[in-house]
Every structure is written in structure tokens, then in C-alpha cells.
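Visitor: Numbering (my numbering) for the sequence shown: 15 to 947. The beta-carbon is built from N, C-alpha and C at its ideal position, and this holds for glycine as well.
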Amino acid sequence: MDRTMSVMKSSNTSMLLRSQTGDFDHNRWLFETKGKYGIGNAFWSQEEDAYGHDTGVSMSDFLDKPWKPLTRKISISPSILSPYRLLVVFRLMFLSLFLVWRVRNTNPDAMWLWGLSVVCEIWFAFSWILDILPKLNPINRSTDLAALHDKFEQASPANPHGRSDLPGVDVFVSTADPEKEPPLVTANTILSILAAEYPIEKLSCYISDDGGAILTFEAMAEAVHFAEVWVPFCRKHNIEPRNPDSYFSLKTDPTKNKKRPDFVKDRRWIKREYDEFKVKINGLPEVIRRRSDAHNNKEARKEKQLAREKNGGVLPQEPIAVIKATWMADGTHWPGTWLKPTGDHAKGDHAGILQVMTKVPENDPVMGYPDEKKLDFTGVDTRLPMFVYVSREKRPGYDHNKKAGAMNAMVRASAILSNGPFILNLDCDHYIYNSLAIREGMCFMMDRGGDRICYIQFPQRFEGIDPSDRYANHNTVFFDGNMRALDGLQGPVYVGTGCMFRRYALYGFHPPRANEYSGMFGQNKNPAPKIHAQTESGEDDDTQPLNSHPDLGLPKRFGNSTIFFESIAIAEFQGRPLADHVSVKNGRPPGALLLPRPPLDAPTVAEAVAVISCWYEDKTEWGDRVGWIYGSVTEDVVTGYRMHNRGWRSVYCITKRDAFRGTAPINLTDRLHQVLRWATGSVEIFFSRNNAILATPRLKFLQRIAYLNVGIYPFTSLFLVVYCFLPALSLFSGQFIVQSLDIQFLSYLLTITITLTLISLLEVKWSGVGLEEWWRNEQFWVIGGTSAHLVAVIQGLLKVIAGIEISFKLTSKSTAEDEDDIFADLYIVKWTSLFIMPLTIIVVNIVALVIGFSRTIYSVLPQWSKLLGGSFFSFWVLVHMYPFAKGLMGRKGRVPTIVYVWSGLVSITVSLLWISISPPDETGSTSGGTVQI
Numbered sequence: 015m016d017r018t019m020s021v022m023k024s025s026n027t028s029m030l031l032r033s034q035t036g037d038f039d040h041n042r043w044l045f046e047t048k049g050k051y052g053i054g055n056a057f058w059s060q061e062e063d064a065y066g067h068d069t070g071v072s073m074s075d076f077l078d079k080p081w082k083p084l085t086r087k088i089s090i091s092p093s094i095l096s097p098y099r100l101l102v103v104f105r106l107m108f109l110s111l112f113l114v115w116r117v118r119n120t121n122p123d124a125m126w127l128w129g130l131s132v133v134c135e136i137w138f139a140f141s142w143i144l145d146i147l148p149k150l151n152p153i154n155r156s157t158d159l160a161a162l163h164d165k166f167e168q169a170s171p172a173n174p175h176g177r178s179d180l181p182g183v184d185v186f187v188s189t190a191d192p193e194k195e196p197p198l199v200t201a202n203t204i205l206s207i208l209a210a211e212y213p214i215e216k217l218s219c220y221i222s223d224d225g226g227a228i229l230t231f232e233a234m235a236e237a238v239h240f241a242e243v244w245v246p247f248c249r250k251h252n253i254e255p256r257n258p259d260s261y262f263s264l265k266t267d268p269t270k271n272k273k274r275p276d277f278v279k280d281r282r283w284i285k286r287e288y289d290e291f292k293v294k295i296n297g298l299p300e301v302i303r304r305r306s307d308a309h310n311n312k313e314a315r316k317e318k319q320l321a322r323e324k325n326g327g328v329l330p331q332e333p334i335a336v337i338k339a340t341w342m343a344d345g346t347h348w349p350g351t352w353l354k355p356t357g358d359h360a361k362g363d364h365a366g367i368l369q370v371m372t373k374v375p376e377n378d379p380v381m382g383y384p385d386e387k388k389l390d391f392t393g394v395d396t397r398l399p400m401f402v403y404v405s406r407e408k409r410p411g412y413d414h415n416k417k418a419g420a421m422n423a424m425v426r427a428s429a430i431l432s433n434g435p436f437i438l439n440l441d442c443d444h445y446i447y448n449s450l451a452i453r454e455g456m457c458f459m460m461d462r463g464g465d466r467i468c469y470i471q472f473p474q475r476f477e478g479i480d481p482s483d484r485y486a487n488h489n490t491v492f493f494d495g496n497m498r499a500l501d502g503l504q505g506p507v508y509v510g511t512g513c514m515f516r517r518y519a520l521y522g523f524h525p526p527r528a529n530e531y532s533g534m535f536g537q538n539k540n541p542a543p544k545i546h547a548q549t550e551s552g553e554d555d556d557t558q559p560l561n562s563h564p565d566l567g568l569p570k571r572f573g574n575s576t577i578f579f580e581s582i583a584i585a586e587f588q589g590r591p592l593a594d595h596v597s598v599k600n601g602r603p604p605g606a607l608l609l610p611r612p613p614l615d616a617p618t619v620a621e622a623v624a625v626i627s628c629w630y631e632d633k634t635e636w637g638d639r640v641g642w643i644y645g646s647v648t649e650d651v652v653t654g655y656r657m658h659n660r661g662w663r664s665v666y667c668i669t670k671r672d673a674f675r676g677t678a679p680i681n682l683t684d685r686l687h688q689v690l691r692w693a694t695g696s697v698e699i700f701f702s703r704n705n706a707i708l709a710t711p712r713l714k715f716l717q718r719i720a721y722l723n724v725g726i727y728p729f730t731s732l733f734l735v736v737y738c739f740l741p742a743l744s745l746f747s748g749q750f751i752v753q754s755l756d757i758q759f760l761s762y763l764l765t766i767t768i769t770l771t772l773i774s775l776l777e778v779k780w781s782g783v784g785l786e787e788w789w790r791n792e793q794f795w796v797i798g799g800t801s802a803h804l805v806a807v808i809q810g811l812l813k814v815i816a817g818i819e820i821s822f823k824l825t826s827k828s829t830a831e832d833e834d835d836i837f838a839d840l841y842i843v844k845w846t847s848l849f850i851m852p853l854t855i856i857v858v859n860i861v862a863l864v865i866g867f868s869r870t871i872y873s874v875l876p877q878w879s880k881l882l883g884g885s886f887f888s889f890w891v892l893v894h895m896y897p898f899a900k901g902l903m904g905r906k907g908r909v910p911t912i913v914y915v916w917s918g919l920v921s922i923t924v925s926l927l928w929i930s931i932s933p934p935d936e937t938g939s940t941s942g943g944t945v946q947i
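(1) Going by the DSSP bridge assignment, what does M400 pair with across the sheet?
(2) Assign S89 to one of three DSSP states: helix, strand, or coil.
(3) Once DSSP output is grouped into helix, strand and coil, what is the label at A227?
(4) Would you be able to state if there are at least three C-beta pairs under 8 Å between the stretch 129-144 and the stretch 718-728?
(5) Taking the alpha-carbon positions, what's the N538 to Q504 distance?
(6) Within a Cβ cutoff of 7 Å, which residues of the same chain sit near F649, ignoring the five residues on either side of it in sequence?
(7) Counting pairs of beta carbons, one from the stretch 220-235 and one from the stretch 394-406, are three or more of them closer than 8 Å?
(8) Is it the case that the Cβ atoms of K324 and G362 are separated by a distance below 7 Å?
(9) Is the Cβ-Cβ distance between S218 and I446 less than 7 Å?
(10) Cα separation between A585 and R517?
(11) Which of the three DSSP states is assigned to N659 in this structure?
(12) In whole angstroms, what is the alpha-carbon distance linking G817 and E698?
(13) Within the same chain, show all residues whose beta-carbon is closer than 7 Å to that of A237, passing over the 5 residues directly before and after it, in chain order.
(14) Between T372 and N439, how many whole angstroms is the CB-CB distance? I'm expecting something under 8 Å.
(15) Going by the CB atoms, is the gap between I214 and P410 shorter than 7 Å?
(16) Go to I146, then tell me how far its alpha helix (DSSP H) extends in each direction, as first and last residue.
(17) Grab me the residues of V507's own chain with a C-beta within less than 6 Å of its C-beta, minus the 5 sequence neighbours each way, in chain order.
(18) Short check: CB of L745 to CB of G637, under 7 Å?
(19) In whole angstroms, what is the alpha-carbon distance linking L84 and P435?
(20) Can you say whether E376 is buried or exposed, counting buried as having 16 or more other CB atoms within 10 angstroms of its CB?
(21) Can the beta-carbon of I479 be found less than 7 Å from the beta-carbon of N487?
(22) Answer yes if the stretch 188-202 comes into contact with the stretch 291-301, meaning at least three C-beta pairs across the two stretches below 8 Å, and no otherwise.
(23) Using three-state DSSP, classify Y447 as helix, strand or coil.
(24) Check this for me: beta carbons of A360 and T351, under 7 Å apart or not?
(25) At the level of alpha carbons, what is the spacing between L608 and R177?
(26) Going straight from the alpha carbon of L686 to that of M851, what length do you get?
(27) Report the three-state DSSP secondary structure of K408 (helix, strand or coil).
(28) Pull the bridge partners of V733 from the DSSP assignment, please.
(29) Considering Cα atoms alone, identify which of D839, S646 and P258 is closest to N415.
(30) Given a threshold of 16 other Cβ atoms within 10 Å of its Cβ, counted over all protein chains shown, does V114 qualify as buried or as exposed?
(31) Looking at the structure shown, is I818 part of a helix, part of a strand, or coil, going by DSSP?
(32) Out of F472, N310, D501 and N540, which has the shortest C-alpha to C-alpha gap to F515?
(33) Per DSSP, which residues does L592 bridge with? Please list them.
(34) Helix, strand or coil for E550, going by three-state DSSP, please let me know.
(35) Short of 6 Å in beta carbon distance, which residues of its chain neighbour W662, apart from the five on each side in sequence? Order them along the chain.
Below you can see the structure in the form of C-alpha cells.
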């Protein structure tokens with residue numbers, strides 16, 4: 015306004031005012047004066063008097079860019095979302111009417127069949143409501159990486175040299191067994207992290223080796239050595255992806271969009287280096303074994319020499335015991351797990367290990383130079399982010415709490431060494447596919463309101479899945495449908511990997527601002543009261559509500575590390591968004607993160623080793639209120655739930671180029687065991703204090719429904735198994751779930767089916783899921799529901815009732831031995847007890863179809879309607895079970911012998927059981943007519 019008025023003060027502005035509004039008429043000014051383009055940052059007149067002497071306007075007024083948000087929320091088109099919601103309401107209404115009709119219209123001829131079907135249908139309707147309600151508000155989001163760069167990495171009065179003002183990020187990678195998680199896979203993940211496009215001095219990488227294996231340790235050392243050439247090569251030629259194994263496996267033209275003339279020569283050289291790197295990694299087991307044998311033989315000779323000297327030059331007759339140790343390359347004992355385990359050197363019994371493999375990078379770029387033996391890295395920053403190997407101490411008698419305990423140990427160690435205010439959690443087989451992924455997540459954390467975000471969850475994308483995705487390994491219905499919908503509520507659930515955390519939220523603190531939701535459906539929204547810390551005597555403050563939820567207390571016991579305790583406030587401050595706009599609350603001043611990180615010293619590293627000891631968590635709140643939460647095999651879901659329960663929100667970040675990619679088991683047995691672990695964790699959640707029914711008022715109503723469904727969905731298996739047997743029971747008995755297939759029943763059934771189909775089509779539309787992916791998900795829902803989910807419910811009940819602990823084997827990340835067929839694992843049949851129930855359902859339904867058809871054919875009064883009803887539902891069951899049956903047949907239909915044996919036993923058992931339940935009368939007549947035998 016001031017600028018406009020200053021222009022209007024010129025000598026001839028009176029004639030340039032609009033007669034009606036009194037505003038400055040710019041078009042008239044262009045016509046009647048010497049002006050050409052007006053005032054702006056595209057053109058500025060060189061004449062001094064073009065706009066008068068007193069305008070007060072110059073080109074410098076346009077140099078500052080306007081404030082821009084870093085992210086944008088994109089709503090789903092109303093043309094898709096409105097019909098979707100309307101159809102949900104219609105189906106809910108028709109479903110209610112149908113269930114009322116089913117309850118009122120019994121089947122006197124088969125009350126047991128009617129009763130079982132009605133109970134199952136009521137549960138299915140309840141389960142569908144829990145699943146569909148949180149999907150009513152899906153959204154999309156986008157980020158502005160250019161705005162992020164302008165805000166944090168451009169020269170300004172607060173940042174005159176244009177250094178990066180972005181906060182630090184600590185990347186966590188977890189592994190446990192080098193046999194099931196090959197070191198080469200882990201090394202490629204580490205290389206993709208070290209080459210990520212993020213300020214090098216602000217990035218740190220930690221790997222947790224929970225097995226304490228020397229193979230993993232030395233593989234990481236080799237990876238760091240190879241990273242010295244791989245990372246600059248990626249920066250020089252802008253390589254994507256920066257996982258060397260994935261990059262060299264690309265089928266596209268590697269020279270596409272590459273402008274440097276030396277790219278082909280550089281790529282050929284780095285490919286040879288990577289091939290040598292793979293040979294070294296694959297040969298490490300033999301190298302370690304030979305080295306250890308050589309050192310052990312040398313020690314044995316020394317012991318014999320000492321024994322001979324003590325025995326007067328004669329070797330004693332009793333054998334000399336020599337410990338078969340595992341040796342490092344420097345000639346010292348490996349402090350972790352030995353190849354031949356012994357006391358203090360076994361899995362679950364070894365010292366803590368912390369090794370900083372790359373030093374803290376310098377604050378200024380270190381440019382490369384031409385090297386005849388290597389590549390020409392002139393003008394390329396050759397620094398590497400700090401990389402730390404961590405293996406926490408383990409001793410007998412301590413509960414080490416599996417992966418959650420390892421993650422908490424890394425949280426403490428990283429707080430001492432680097433204290434990045436944000437933590438990115440990755441599995442060892444999930445690598446960075448998009449080198450800008452960390453920046454994408456940082457856009458949300460640093461945007462207006464980002465101080466209320468506890469974590470950014472990225473979708474999981476997988477490689478090496480068979481083209482047909484037989485067992486729904488991509489899980490796109492969940493990642494692109496359910497998670498996108500939760501983003502419109504309080505945020506997606508945490509799914510274990512590909513997640514960027516706010517460190518301060520992981521410590522159990524509350525968001526700076528939160529809301530509470532009251533009323534039956536949480537329709538009343540009010541600001542949440544501030545929670546005060548307890549007094550030193552342990553008594554609650556008078557301002558604390560008497561009925562406060564346990565999750566609403568403040569954490570107090572972090573352990574006895576002073577350095578760690580002092581790092582909490584620093585991490586909280588550094589994680590705040592930039593206070594560059596009046597609308598940004600709880601921000602930090604620009605330029606606050608420009609100071610270089612101090613180098614590490616011996617006391618600091620010693621403190622980091624101390625906080626990963628097995629006794630450190632004694633009498634603390636680690637695993638209960640602080641860090642990853644203990645007590646469940648799905649610690650990821652529980653950890654995210656606790657944060658949402660305190661009022662934090664999360665964000666789902668779907669990038670144009672996949673942020674991360676990993677592997678998934680394509681073998682049927684491995685896939686079912688993976689689903690079994692997830693479902694068992696859900697049952698544990700249902701029977702624990704983490705049940706969403708007990709949530710705080712800070713959890714939104716629909717978010718509460720979503721978490722409630724997480725704990726309830728495995729119990730659907732009980733009703734699903736019964737419902738899969740109902741068609742067979744109908745065909746055996748000659749009855750159906752209704753007395754007759756009248757027009758009312760068929761109308762309800764048709765209406766419910768059509769509305770469900772339309773809802774699914776619209777869901778596919780707004781989520782971007784393919785129809786084939788949706789169908790695969792439906793098939794595997796039946797397969798998993800009748801196998802893994804059922805066993806999970808039984809295991810969960812045994813744990814709650816009898817206290818029987820549940821143990822799981824680590825999912826293998828290795829590939830099949832057949833190098834000619836990358837999908838060879840798909841055809842391997844490994845028998846497991848999880849196969850019993852689905853196989854029984856298939857055999858029983860096939861036998862029932864034969865019996866039902868034979869009875870109707872030979873019946874005097876054939877009841878075709880009941881045969882049609884039973885056959886239709888049996889066909890529905892068998893179609894959903896088709897991928898399971900195909901998996902049992904293996905490659906080229908070679909069915910294992912145990913499948914034939916089990917099928918025969920089931921068929922004979924079912925036939926004999928039915929004859930004993932419904933024996934034929936003397937004339938050979940049955941309920942459906944006569945059957946001549």
C-alpha cells in the first residue's frame with residue numbers, strides 16, 4: 015500500500031486516478047506517459063525520472079522472494095470422493111436392513127446353518143465398518159524442494175555464506191543375522207545412505223548389528239572403503255538410484271540424460287571396482303575363518319612351547335586346551351560373537367561394540383582432484399557422512415527386547431555422538447531409491463505447523479516380486495489406500511521402516527500444541543491443557559487432572575548419562591521450523607544451525623559405549639514411555655500409537671520417485687510367517703493397555719477406529735474359517751443358509767454386492783491401485799485369514815491366558831540359489847502347519863461339490879436352488895484360494911507328497927464323518943432323494 019501511495023504522489027498522478035474508485039490507473043499511465051512495462055522485477059526503466067523522484071521504489075524492492083510454504087495439501091476430487099462417501103452410506107443402510115431381515119427370517123429346516131451364517135455376517139459387517147470409516151477423508155500432499163533450498167541454503171543476512179541451515183538427520187539401519195540378511199545387501203543399503211543428497215556435515219548413519227557378527231563388521235569396513243569412490247561418482251554424474259547393485263541392474267540406457275563426456279569411462283571403471291567389492295564381501299567368511307585358524311594355531315604353538323618349558327623341555331601328556339577365538343585383521347580378539355561361541359563371545363552374551371568408521375566431516379567442502387588410479391573428481395565434494403557401527407552389549411539374564419531394544423540403544427548412542435533432531439529408520443534391505451527422499455520429508459518437518467509432526471511415514475515399495483504378485487506382496491491396497499486415508503485424519507500408522515522421526519517425540523514428550531476431542535463421535539474440539547511435570551517427591555501437581563491417562567505424563571527417567579540428558583533440549587530446539595513468518599509458531603531464528611559440529615573425542619565415544627550397555631535401562635522409562643515401546647512383536651505400531659495418543663500427528667509422504675525400495679518374501683511359507691508375526695502383534699495390542707478403546711481424548715474418533723481395527727482384524731479369521739466351511743456343509747446336508755432363494759434375499763444380496771463393487775472401483779480410482787492388485791489383495795485376505803490370522807489368535811490367547819511367550823524367526827532376505835530364475839523362491843514348497851486349514855477348506859469344498867452334485871442328479875425331487883446357492887459360495891471360496899493351491903503345486907505342478915497324503919486323509923475323514931452324522935436309511939433314501947450305491 016505504501017508503494018502504491020508513493021507512486022501516486024508524482025506530479026501528474028491526479029489525472030491518472032480512476033474516476034470511480036480513486037485507484038491508480040496503471041493502463042492509462044502506460045498510455046499517457048513514457049512508461050513501457052511498469053514497475054516490477056521483469057523490467058525497470060533506466061531513466062531516473064520515469065516514476066518521479068519521490069516514488070521510493072527501486073529494483074532492490076523486488077529482490078526478496080515472498081514467503082512460500084514448503085508443502086501443500088491436495089484434496090481428492092469431489093467427483094470421486096462424494097459418490098464414494100454416498101455409496102458407503104447406502105451400503106451401510108442396505109447392510110443393516112439385510113441383517114435385520116436375516117435375523118427375522120430363520121431357516122427352520124437347518125437352524126444351526128442359519129445361526130452360524132448370521133453370526134458370521136454380523137461380524138463381517140462390523141469388520142467392514144471398522145475398515146471403511148477411516149477411509150472417508152483421503153488426501154494427497156506435495157512438497158516444494160526449491161522453496162526448501164531457498165529458505166535454508168541460500169545466502170541471506172542471517173546466513174551470509176549460504177551454508178546449510180537444515181537440521182541434522184541420523185539414519186538407523188538394523189540387522190541381526192548375516193546368514194539371513196546377507197552383508198552385501200546391507201552394504202548396498204549403507205552406500206545408498208552415504209550418497210544421499212543432504213548436507214554431508216548434517217547427515218550421520220548408524221548400523222545396529224544385534225548379532226555382534228564380525229562378518230557384518232568387516233563388510234561395513236569394506237563398504238566404507240568403496241564409498242570413497244562410489245559416493246563422489248554419484249555426486250559427479252547425478253546417479254539414481256545410489257544403491258550400486260540396483261543401479262548396475264537397471265535395464266534402461268545408462269547414458270540417458272548424462273552430459274559429461276567422461277561418464278562412460280567413469281561408469282566402466284566404477285563397475286569393475288564394484289565387482290571387486292562384491293568378491294571381497296562374498297569372500298569374507300573364508301578370509302575370517304582362515305585368519306582365525308592361523309592365529310589360533312599360532313597361539314596353540316605358543317601354549318605348547320610354554321608347557322614344554324615348564325615341564326623340563328618335555329611336552330606334557332594331557333592335552334593343552336586352547337580357546338578357538340575369532341580374530342580381527344589387526345591381530346586382536348573380536349569382542350563380539352565368535353565363530354565358535356564361548357562365554358562372553360556368543361549371541362546374547364558379548365560386550366558392547368561402537369566403532370566410528372568415518373570421522374565427523376569437515377564443515378567446508380573438500381573438493382577432489384584428478385587421479386590416474388581413480389576417477390577425476392575435480393569440483394566434486396569427496397566428504398563422507400559420519401558412519402558408526404553399533405552392537406549393544408548382551409548378557410544372560412537380561413531381556414534385550416529384540417529389535418525395539420536395539421533401536422533404543424542406537425537412539426542413545428546417536429544422541430551422544432551426533433544428536434540429529436530427526437531420525438530416519440530403515441531395514442537393512444530397504445535402501446534409498448530417491449536421493450532427495452530425506453529433503454522431501456524435511457519439507458513437512460520444517461513447514462508451518464511442522465513442530466506438531468512426530469514422524470513422516472513413507473510408503474514401502476518392493477523389488478523382486480513376481481509379475482503377477484501372487485501373494486499380494488506389494489500390499490498397495492494398504493500403502494496407497496488405507497495409509498493415504500489415515501493421512502486425512504491424524505496421520506498414518508508407523509510400519510517399521512521408511513519412517514523419519516522427530517527425536518523429541520520419541521523421547522515421550524508432548525507436542526507444543528494439541529487438541530482434545532470429546533462427545534460420542536469426537537465432534538467437540540478443544541485445545542488440550544498443558545501437562546505439568548510431577549514434583550520431585552513423586553506426587554502429582556495440583557494442576558494435574560485426577561483421571562489423567564498414563565500416556566499423558568511426562569518422561570522423567572532417561573538413565574544416568576548427563577550428556578544424554580543435556581542433549582534433549584538441544585534436539586528439541588534444532589528440530590523447530592524456521593521462524594521466518596508471523597504464522598510460524600514455536601520456531602527458531604534463521605542461521606541458528608550454522609555452527610560446525612565439534613570433533614569427537616575419547617570421553618564422548620566412551621560415554622556412547624556406556625549408554626549401549628545392557629544395564630543402562632534398569633530403573634528407567636526406556637521401552638515404556640521413552641523410545642521404541644517394548645512388549646509386542648509389532649513394536650512399530652505400538653510406538654506410533656503412543657505418539658498419536660499424546661496428541662502428535664504424522665504425515666504420509668508419497669514421492670513421485672519412490673523414496674525407498676526393499677525386498678519382500680515371495681515364497682508362500684515365508685509370506686505366511688511374516689503375516690503371522692504381524693497378526694500376532696495385533697492380538698497382543700488388543701489384550702494390552704495399547705487397545706484404542708483405552709486411548710486418550712487427544713486421539714481423533716476415526717483415528718481411534720483405525721487403531722481399534724488394527725487390534726481386532728485377526729479375530730475375523732474365526733468367523734472367516736466357519737464361513738468358508740458353510741458352503742460345504744450346505745452341500746453335504748442339502749440345506750442352505752436361507753429357507754429358499756426368494757426374490758427378497760437375492761435383491762439384498764445383489765444390492766450389497768453392487769454397492770461394494772462400486773465402492774471398490776472408486777477406492778481404486780482415488781488411491782491409484784490397479785484392479786489386479788485389488789483382486790490379489792482380496793484373495794490373500796482369505797488365504798491369510800484362514801491360516802496365519804487364525805494361528806495368531808490362538809497364540810495370542812495362549813500368551814494372555816497361559817503366559818506362553820511367542821518367538822519368531824527372522825525373515826530371510828536372501829534370494830534363491832537359482833541364479834537363472836530370480837523368482838525361483840516362488841516355486842519352493844516348504845511345508846508348515848499354517849497350510850493345514852486352507853488345504854482342509856479346499857479339499858472339503860471340492861468333496862462337497864461332488865457330493866452335492868451327485869445327490870441332486872440322482873434325487874427324485876432335485877432341489878437345484880439349494881445346489882446353486884451352495885455351489886456358488888463354494889466356488890467363491892475356491893477362487894479366493896486359487897493362489898494358495900497354485901503355490902502348493904510348485905514349479906510345473908509338482909505337488910509335494912504330503913499334500914496328497916493330507917488331501918486323502920481329509921477326504922476320507924470328511925466322508926466317514928458325514929456318514930456317521932447322517933447315515934442312509936434302509937431304502938437308501940436321503941434327505942435330498944435316493945442315491946443308488
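Guide: According to the structure data:
(1) S218
(2) strand
(3) strand
(4) yes
(5) 15 Å
(6) This sequence places Glu at residue 649; Phe is not what is there. Correct list, in chain order: K417, A418, W642 and I643.
(7) yes
(8) no
(9) no
(10) 7 Å
(11) helix
(12) 12 Å
(13) A201, I204 and L205
(14) Not really, about 20 Å apart at Cβ, beyond 8 Å.
(15) no
(16) M125 to I146
(17) V651 and G654
(18) no
(19) 19 Å
(20) exposed
(21) yes
(22) yes
(23) coil
(24) yes
(25) 7 Å
(26) 13 Å
(27) strand
(28) In the sequence on display, residue 733 carries Phe and not Val. In DSSP, F733 forms no bridge with anything.
(29) S646
(30) exposed
(31) coil
(32) F472
(33) R602
(34) Note that E550 scores a pLDDT of 40, beneath 50, so its modelled location is shaky and nothing firm can be said.
(35) C468, A519 and P525
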